[in-house]
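>
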Amino acid sequence: MTSKRTKLQEDTHFRVLRLLQKNPEMSQRELAETVGVSVGGIHYVLNALIDKGLVKLGNFTAAEDKRRYAYVLTPKGIAQKSALTRAFLVRKMEEYKALKEEIEALQVELDANASQKLS
Numbered sequence: 001m002t003s004k005r006t007k008l009q010e011d012t013h014f015r016v017l018r019l020l021q022k023n024p025e026m027s028q029r030e031l032a033e034t035v036g037v038s039v040g041g042i043h044y045v046l047n048a049l050i051d052k053g054l055v056k057l058g059n060f061t062a063a064e065d066k067r068r069y070a071y072v073l074t075p076k077g078i079a080q081k082s083a084l085t086r087a088f089l090v091r092k093m094e095e096y097k098a099l100k101e102e103i104e105a106l107q108v109e110l111d112a113n114a115s116q117k118l119s
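Just so we're aligned, residue 1 is where the sequence shown starts under UniProt numbering, counting upward by one.
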């Protein structure tokens with residue numbers, strides 16, 4: 001069984017890969033704000049993705065500040081993003097099903113309590 005920490009890490013990697021595929025020139029600050037982690041956390045995530053060969057670092061040539069980088073998904077990164085997308089979707093569908101069942105049970109309980117008060 002996958003731990004909660006591993007799921008959170010997979011979700012963060014998925015979100016970062018998804019954002020970078022759409023907009024490779026996002027700054028670390030923009031990524032951090034969008035994903036909801038600290039800039040230091042995003043720096044750690046980006047380094048991990050680069051070390052795994054999922055993202056490569058390139059200069060963002062259109063920027064006036066030549067220190068800006070573009071984070072480009074590698075073919076391996078695109079494949080990993082697809083795998084993470086499938087896993088993310090399966091997990092969210094399971095969460096949705098469990099939540100829907102809980103809501104239905106609570107509605108039944110609430111209706112039962114309401115009819116007892118009327119009796």
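Backbone N, C-alpha and C define an ideal beta-carbon position, used for all residues, glycine too.
None of the values given here were measured: they were computed from a predicted structure.
Taking 8 Å as the CB-CB cut-off, is Ala114 touching chain C?
Absent from the structure is chain C; it holds one protein chain and no more.
> Between the beta-carbon of Pro24 and the beta-carbon of Tyr96, is there less than 8 Å?
no
> Going by the beta-carbon positions, is the gap between Leu17 and Leu54 smaller than 8 Å?
yes
> Tell me, to the nearest whole angstrom, how far the beta carbon of Thr34 is from that of Leu19; I am working on the premise that it is less than 8 Å.
Yes, they are in contact, since the Cβ atoms of Thr34 and Leu19 sit about 6 Å apart, within 8 Å.
> Please name the residue in Gln9, Val45, Val108 whose C-alpha comes closest to that of Gln28.
Per the Cα distances, Val45.
> Express the C-alpha separation of Met93 and Gln116 in angstroms, rounding to a whole number.
35 Å
> For Lys56, which beta-bridge partners are listed by DSSP?
Answer by DSSP bridge pairing, in chain order: Val72.
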